[in-house]
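Note sheet for the following structure.
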Amino acid sequence: MRKALFFLPLIVAFGLGVLFWQSLGKDPSTLPSALINKPLPDFSLPTVEKSSELISAARLKGQPVLLNVWATWCPSCHMEHPYFMQLAKQGVPIIGINYKDDRASAMKWLAELGNPYLFSIFDEKGSLGFDLGVYGAPETYLIDKDGIIRYKHVGVVDERVWREQIQPIYERLKS
Amino acid sequence: MNLKRKHRMWAVVALLLGVSVAVGLALYALQQNINLFYSPSQIADHQAPDDTRIRAGGMVVEHSLQRSGDSLMVHFALTDFQKTIEVEYTGILPDLFREGQGVVALGKMNSKGVFVADQVLAKHDEKYMPPEVAAALKASGKLPPQPSAEH
Amino acid sequence: MIPELGQLALILALCLALMLALVPLWGAFRGNLFWMRFATPLATGQFFFVALAFGFLTYAFMTNDFTVAYVATNSNSHLPWYYKFSAVWGGHEGSLLLWLFILCLWTVAVAWRSLHLPAELRSRVLSVMGMISTGFLLFVLLTSSPFTRLFFNAPDDGQDLNPLLQDFGLIVHPPMLYMGYVGFSVAFAFAIAALLGGRLDAAWARWARPWTNAAWAFLSIGIVLGSWWAYYELGWGGWWFWDPVENASFMPWLAGTALIHSMAVTEKRGEFKSWTVLLAICAFSLSLLGTFLVRSGVLTSVHAFASDPTRGFFVLMLLAVTVGGSLLLFALRAVDLKSESTFNLLSKETWLLINNLILLVAMVVVLLGTLYPLVVDALQLGKLSVGPPYFNMLFVPLMGLLALALGSGLMLRWKRHAQDQWLKSLALPALAVLIFAIVTIIWGGEHRWGIVLGVVMAGWIAVSTLVDVSHRIRFSQQGWRQPRSYWGMHVAHLGFCASILGVTWVSLHAFEQDIRVEPGHVEHIDGYDISYLGATSLQGPNYTAEQGHFVVSKQGKTITELFPQKRNYSVQRSMMTEAAIDPGLMQDIYIAMGERLDGGAWAVRIHIKPMVRWIWLGGLLMAFGGALAATDLRYRRLRHRQPQVSVGLETAPVTEVSHA
Numbered sequence: 001m002r003k004a005l006f007f008l009p010l011i012v013a014f015g016l017g018v019l020f021w022q023s024l025g026k027d028p029s030t031l032p033s034a035l036i037n038k039p040l041p042d043f044s045l046p047t048v049e050k051s052s053e054l055i056s057a058a059r060l061k062g063q064p065v066l067l068n069v070w071a072t073w074c075p076s077c078h079m080e081h082p083y084f085m086q087l088a089k090q091g092v093p094i095i096g097i098n099y100k101d102d103r104a105s106a107m108k109w110l111a112e113l114g115n116p117y118l119f120s121i122f123d124e125k126g127s128l129g130f131d132l133g134v135y136g137a138p139e140t141y142l143i144d145k146d147g148i149i150r151y152k153h154v155g156v157v158d159e160r161v162w163r164e165q166i167q168p169i170y171e172r173l174k175s
Numbered sequence: 001m002n003l004k005r006k007h008r009m010w011a012v013v014a015l016l017l018g019v020s021v022a023v024g025l026a027l028y029a030l031q032q033n034i035n036l037f038y039s040p041s042q043i044a045d046h047q048a049p050d051d052t053r054i055r056a057g058g059m060v061v062e063h064s065l066q067r068s069g070d071s072l073m074v075h076f077a078l079t080d081f082q083k084t085i086e087v088e089y090t091g092i093l094p095d096l097f098r099e100g101q102g103v104v105a106l107g108k109m110n111s112k113g114v115f116v117a118d119q120v121l122a123k124h125d126e127k128y129m130p131p132e133v134a135a136a137l138k139a140s141g142k143l144p145p146q147p148s149a150e151h
Numbered sequence: 001m002i003p004e005l006g007q008l009a010l011i012l013a014l015c016l017a018l019m020l021a022l023v024p025l026w027g028a029f030r031g032n033l034f035w036m037r038f039a040t041p042l043a044t045g046q047f048f049f050v051a052l053a054f055g056f057l058t059y060a061f062m063t064n065d066f067t068v069a070y071v072a073t074n075s076n077s078h079l080p081w082y083y084k085f086s087a088v089w090g091g092h093e094g095s096l097l098l099w100l101f102i103l104c105l106w107t108v109a110v111a112w113r114s115l116h117l118p119a120e121l122r123s124r125v126l127s128v129m130g131m132i133s134t135g136f137l138l139f140v141l142l143t144s145s146p147f148t149r150l151f152f153n154a155p156d157d158g159q160d161l162n163p164l165l166q167d168f169g170l171i172v173h174p175p176m177l178y179m180g181y182v183g184f185s186v187a188f189a190f191a192i193a194a195l196l197g198g199r200l201d202a203a204w205a206r207w208a209r210p211w212t213n214a215a216w217a218f219l220s221i222g223i224v225l226g227s228w229w230a231y232y233e234l235g236w237g238g239w240w241f242w243d244p245v246e247n248a249s250f251m252p253w254l255a256g257t258a259l260i261h262s263m264a265v266t267e268k269r270g271e272f273k274s275w276t277v278l279l280a281i282c283a284f285s286l287s288l289l290g291t292f293l294v295r296s297g298v299l300t301s302v303h304a305f306a307s308d309p310t311r312g313f314f315v316l317m318l319l320a321v322t323v324g325g326s327l328l329l330f331a332l333r334a335v336d337l338k339s340e341s342t343f344n345l346l347s348k349e350t351w352l353l354i355n356n357l358i359l360l361v362a363m364v365v366v367l368l369g370t371l372y373p374l375v376v377d378a379l380q381l382g383k384l385s386v387g388p389p390y391f392n393m394l395f396v397p398l399m400g401l402l403a404l405a406l407g408s409g410l411m412l413r414w415k416r417h418a419q420d421q422w423l424k425s426l427a428l429p430a431l432a433v434l435i436f437a438i439v440t441i442i443w444g445g446e447h448r449w450g451i452v453l454g455v456v457m458a459g460w461i462a463v464s465t466l467v468d469v470s471h472r473i474r475f476s477q478q479g480w481r482q483p484r485s486y487w488g489m490h491v492a493h494l495g496f497c498a499s500i501l502g503v504t505w506v507s508l509h510a511f512e513q514d515i516r517v518e519p520g521h522v523e524h525i526d527g528y529d530i531s532y533l534g535a536t537s538l539q540g541p542n543y544t545a546e547q548g549h550f551v552v553s554k555q556g557k558t559i560t561e562l563f564p565q566k567r568n569y570s571v572q573r574s575m576m577t578e579a580a581i582d583p584g585l586m587q588d589i590y591i592a593m594g595e596r597l598d599g600g601a602w603a604v605r606i607h608i609k610p611m612v613r614w615i616w617l618g619g620l621l622m623a624f625g626g627a628l629a630a631t632d633l634r635y636r637r638l639r640h641r642q643p644q645v646s647v648g649l650e651t652a653p654v655t656e657v658s659h660a
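In structure tokens, the structure reads:
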């Protein structure tokens, strides 16, 4: 009995540890997105690469894709960019939304750092971003083959986020 | 059991008892003093309780901020891009409050369906930066890949 | 080149820390004096290299080396030099380096000031501290090196220091807070060393006590500075927000307060041994927990660091190893720590136990309030927050009980105390408190019952203190020449009184008003006439500002003119409120500019804050008391005497070489 008492602090600490483990990686400030399981809002925007051609939400249908909101003014986008290069190499289709940016610097960025995107939607005014409920960059959405938003990640996508949060859903959508 | 051990047992029992009573009271107090979080959709769909102080979080709709001419009362619309609610607040808005940015308001719903806030907190997310900030930096100087800290 | 040298210095420090963690411990295990002697040079070397790394980072800031990512994020060429200096710890990486630097400082201080200690104990203590610094050096090197370069795309100028941190309070607040946080690592190391050695006696407590008191004093100053900074810089006029980050510093303080009292019992009576050890582990673990909560982004807060799961994961692992390991050791070894005496129900021991109980409960209350949102979120029951009413509701009665116990326990003797004698000595304080209460009920005005509570609590402690002092001076041989630790205790307790009074008045009698002012407007608040004359534009080194001009007068006589500012920091594009304060011992007049409204009008916030400074004054008195106790001659005399006595009588039980 007396001996057991001395284990009490350890047990309490262990319980707290489990709690922290659970909470880690969850951003308590993110609001649940209202758009999950809703179709991608429609838009008609040019791409970074071609100003003449307007594309719409229909272009994203057919296969599950990652939709990555990025901008050259966003420091964290800089940080996650190499990982998207890696994902693209693995054959994951990624479409960019170049958010509130200017075309020249976006082109320069893609030329210098590499282009992991199939194409980048050029959302200069942020209208698509607003419809999507983008708080800032980077944000990444997972869209299924019917153009329905299945997952939203706020912040940098790295190995851990991909492996633990996005990839399981992605694999499920693919099959 | 000798006197010494008896004393020690008493001390330990008193400690455990005291702490557990206090924890019980604390948990009770917690129940009385939590502010649940609701999104504008939930509030608009009447999922939030009336007459209870809640937290509402969302984005301030652009150009929705209206000030009254002679007092410190302000009105603005809060949205989660699904539903939008109207918020009323009297006082000074925080420095980080901007239209088109996330805020959390604490308050109650009134009978007219307006959210009357007694406190407005501007969300200060360190991870991303509004485009305006970056514009201040020269185009050549790409921002370093570290988020800034606050404390 | 310099940043790479910094990185190299950290790597060398890591090697030395690793050796410090292993070599002297091995020596103590084998009873080998040769290995044990490595402790001091290793601790010194480790300090040297970490200090060097710190110096190199400071150099990078001073020379605007924006190729270093950390400098580019936290500095700017227009930043005044003193803020460049404090910007060294303005962000995550740098503040970790500061943490580490202070840890090494404590380690080297322990190494050099404990030469008289038994070699085994000393080696174990230093090795444990080496383990902690190994963990943190790994953390810095693997996840958050401040020396990472931006090899291409280095910016021409930096992103500037967060304007909230461009302030004197923030130059001194983090170092003081860390001195406290990290200082508890010494008590922790002593506790672990005692568990490893299986012996803990009065001599052990006598060695560990000054270090613990010193750490506690630093932590008190750190918390006071944080509260003071929040008061004038955040622009809300509050002095404590029950914010998770504040709570993170308050929890180790509460545990530390319990610890210094429990250690007194261990030193004087050889009681509460395992309890003292547990509290020492607890205080340091809570310091680490504070670091984890702030760094991992697990909690949202007005001043949380940018969240990064990898870093959070690493801190969590550090926490798991340190806390889990030490508590496992505690579970296995603390059973053998036997008390050396007994005590009656009416004795100082019992009252200090009550003190510990109340402080522990207070700590648990804060812990629950801070973690409850996490629990609910982890169980997916929704998102919520716990408001200040919860903390206030529980803290008022808890502090009331603490004050009651403090006042009534002060004059109690160790072991046993005669009941009639005790009641007699309580008569005067009880009478005084009764008079105070009647006076406040008659003249108290609004909120008189709250005021009565505050006055009774503070008066009870203060009068009991006076009674105890007068008894002591009359009946002991030393008269006025009591030891410093005795005066330290009373000074700290009086500090607690001052804080109680400050909190009572500022909570109950503060005037707060948000108003709209146009030039020429006069506002009447609490007998003051505050007139607004207008606003002008100003240009600062890295900001522009709108400065309001207010004249405060009372009955036609001008008291002061105040110039609050609304600043716009150009690089970070952020707005900052610089409140203007007319400080006073009895009252602060506080004006902050809110927002510009249409037609030249401004929304401003005016507060009249009575006795708000007493809160901090009380905190500083507590810290001063802790410092007095830490520098008690008793500890120093011991140090001078010990080296001559080869194996001193007093230390004999501990110097016994453990046979492996």
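Chains as they are written, first to last, in UniProt numbering: chain A, 1 to 175; chain B, 1 to 151; chain C, 1 to 660.
Don't be surprised by glycine CBs; every beta carbon is placed ideally from N, CA and C.
Quiz item: Going by beta carbon distance, what residues of the same chain come within less than 6 Å of arginine 206 of chain C, once the five residues before and after it are set aside?
Solution: For arginine 206 of chain C, where only same-chain residues beyond five positions count, the Cβ hits under 6 Å are Glu267.
Quiz item: Enumerated in chain order, which unbroken segments of the beta strand (DSSP E) with a length of 3 residues or greater are wholly contained in the segment 83-144 of chain C?
Solution: Within the segment 83-144 of chain C, no complete beta strand (DSSP E) run reaches 3 residues.
Quiz item: Got a sec: is the Cβ-Cβ distance from leucine 10 of chain A to anything in chain E below 9 Å?
Solution: Among the protein chains of the structure shown, namely A, B and C, there is no chain E.
Practice problem: Specify the secondary structure class of phenylalanine 305 of chain C as computed by DSSP and reduced to three states. | Solution: In this prediction, phenylalanine 305 of chain C has a pLDDT of 39, which is less than 50 and means its spatial position is unreliable; nothing more can be read from the coordinates.
Self-check item: Cutoff 7 Å; reference alanine 217 of chain C; Cβ partners in own chain excluding five residues on either side
Solution: Contacts found: Ala623, Gly626, Ala627, Ala630.
Quiz prompt | Proximity of lysine 145 of chain A and lysine 61 of chain A at Cβ, strictly below 9 Å | solution = Yes, the Cβ-Cβ distance between lysine 145 of chain A and lysine 61 of chain A is below 9 Å.
Self-check item: N- and C-terminal bounds of the alpha helix (DSSP H) containing asparagine 213 of chain C
Solution: Run containing asparagine 213 of chain C: 202-233, per the alpha helix (DSSP H) assignment.
Quiz item: Helix, strand or coil: which one does DSSP assign to valine 104 of chain B?
Solution: It is a strand residue.
Quiz item: Where does aspartate 420 of chain C fall in DSSP's three states?
Solution: If DSSP states are grouped into helix, strand and coil, aspartate 420 of chain C belongs with the helices.
Self-check item: 9 Å Cβ cutoff, leucine 5 of chain A in contact with chain B
Solution: For leucine 5 of chain A, the answer is yes, since a Cβ of chain B falls inside 9 Å of its Cβ.
Quiz prompt | arginine 634 of chain C (DSSP reduced to helix, strand or coil) | solution = Arginine 634 of chain C falls in the helix class under three-state DSSP.
Self-check item: Under the three-state DSSP convention, the category histidine 75 of chain B falls into
Solution: The DSSP-derived three-state label of histidine 75 of chain B is strand.
Self-check item: Whole-Å CB distance - valine 456 of chain C paired with valine 433 of chain C, under 8 Å assumed
Solution: The Cβ separation is near 5 Å, so the contact holds.
Quiz item: aspartate 70 of chain B CB to nearest chain C CB: under 9 Å?
Solution: Proximity of aspartate 70 of chain B to chain C, defined by a Cβ-Cβ separation below 9 Å, is satisfied.
Quiz prompt | Pick from C/Trp211, C/Val125, C/Leu126, C/Pro252 that is closest to tyrosine 181 of chain C, judged by C-alpha positions | solution = Of the candidates C/Trp211, C/Val125, C/Leu126, C/Pro252, C/Pro252 places its Cα closest to the Cα of tyrosine 181 of chain C.
Quiz prompt | Contact set for alanine 660 of chain C: own chain, Cβ-Cβ below 7 Å, skip 5 residues either direction | solution = Confidence is the limiting factor: at alanine 660 of chain C the pLDDT is only 33, short of 50, which leaves the residue's position unreliable and the question unanswerable from this model.
Quiz item: If we cut at 9 Å on Cβ distances, does asparagine 356 of chain C have a partner in chain B?
Solution: For asparagine 356 of chain C, the answer is yes, since a Cβ of chain B falls inside 9 Å of its Cβ.
Exercise. Indicate whether the contact test is met: 3 or more Cβ pairs, each with one atom in the segment 183-191 of chain C and one in the segment 599-617 of chain C, closer than 8 Å.
Key: No: fewer than three Cβ pairs fall under 8 Å.
Quiz item: Which stretch, first to last residue, makes up the beta strand (DSSP E) that contains glutamine 119 of chain B?
Solution: Segment 115-122, the beta strand (DSSP E) holding glutamine 119 of chain B.
Quiz prompt | Neighbour flag for asparagine 33 of chain B against chain C, beta carbons, 9 Å | solution = Under the Cβ criterion of 9 Å, asparagine 33 of chain B is counted among the residues facing chain C.
Quiz item: So, does the CB of alanine 14 of chain B fall closer than 9 Å to a CB anywhere in chain C?
Solution: Put simply, the CB of alanine 14 of chain B is near chain C, with a gap under 9 Å to one of its CB atoms.
Practice problem: Within its chain, find whatever has a CB closer than 7 Å to the CB of leucine 121 of chain B; leave out the 5 residues flanking it on each side and keep chain order. | Solution: Contacts found: Pro94, Val103, Val104.
Quiz item: For alanine 592 of chain C, which beta-bridge partners are listed by DSSP?
Solution: DSSP lists C/Arg605 as partners of alanine 592 of chain C.
Quiz item: Of all Cβ atoms in chain A, is any one closer than 9 Å to the Cβ of methionine 129 of chain B?
Solution: Bear in mind that the predicted position of methionine 129 of chain B carries a pLDDT of just 36, short of 50, making it unreliable; the figure below should be weighed with that in mind. Closer than 9 Å: yes.
Practice problem: Pull up the distance between the alpha-carbon of serine 68 of chain B and that of glycine 91 of chain B, whole angstroms please. | Solution: Approximately 11 Å, taken between the alpha carbons.
Exercise. Let me know the alpha helix (DSSP H) ranges lying completely inside the segment 94-170 of chain A, each 4 residues or longer, listed in chain order.
Key: Unbroken alpha helix (DSSP H) stretches of 4 residues or longer found wholly inside the segment 94-170 of chain A: 103-113, 127-132, given in chain order.
Quiz item: Is the Cβ of leucine 31 of chain A closer than 9 Å to any Cβ of chain B?
Solution: Residue placement at leucine 31 of chain A cannot be trusted, given a pLDDT of 46 that sits under 50; the coordinates are not used to answer.
Self-check item: Neighbourhood of serine 341 of chain C by C-beta, 8 Å cutoff - its chain only, sequence neighbours within 5 removed
Solution: Within the same chain, serine 341 of chain C has close Cβ partners Arg269, Gly270, Glu271, Lys415.
Quiz prompt | Any C-beta of chain A under 9 Å from that of aspartate 80 of chain B | solution = Taking Cβ atoms only, chain A reaches closer than 9 Å to aspartate 80 of chain B, which makes this a yes.
Quiz item: In three-state DSSP terms, what is glycine 450 of chain C?
Solution: The answer is helix: DSSP assigns glycine 450 of chain C an H, G or I state.
Exercise. Provide the residue span of the alpha helix (DSSP H) that contains valine 50 of chain C, from first to last.
Key: Unbroken alpha helix (DSSP H) run through valine 50 of chain C: 39-62.
Practice problem: Please check the pair leucine 368 of chain C and alanine 26 of chain B, which I expect to be a contact at CB under 8 Å, by giving their CB distance rounded to whole angstroms. | Solution: Contact between leucine 368 of chain C and alanine 26 of chain B holds, with the beta-carbon distance rounding to 5 Å and staying under 8 Å.
Quiz item: In chain C, what lies closer than 9 Å to isoleucine 85 of chain B by C-beta?
Solution: The premise fails here: isoleucine 85 of chain B is roughly 17 Å from chain C at the closest Cβ pair, so nothing lies under 9 Å.
Quiz item: For isoleucine 615 of chain C, does the three-state DSSP call read helix, strand or coil?
Solution: In this structure, isoleucine 615 of chain C counts as helix in the three-state DSSP scheme.
Self-check item: Where glycine 369 of chain C meets chain A, residues with beta-carbon distance less than 9 Å
Solution: Think of a sphere of 9 Å around the beta carbon of glycine 369 of chain C: no beta carbon from chain A falls inside it, the nearest being about 14 Å out.
Quiz item: Can you give, in chain order, each stretch of the alpha helix (DSSP H) that sits fully within the segment 320-401 of chain C and has at least 4 residues?
Solution: Runs of the alpha helix (DSSP H) inside the segment 320-401 of chain C: 325-333, 348-378.
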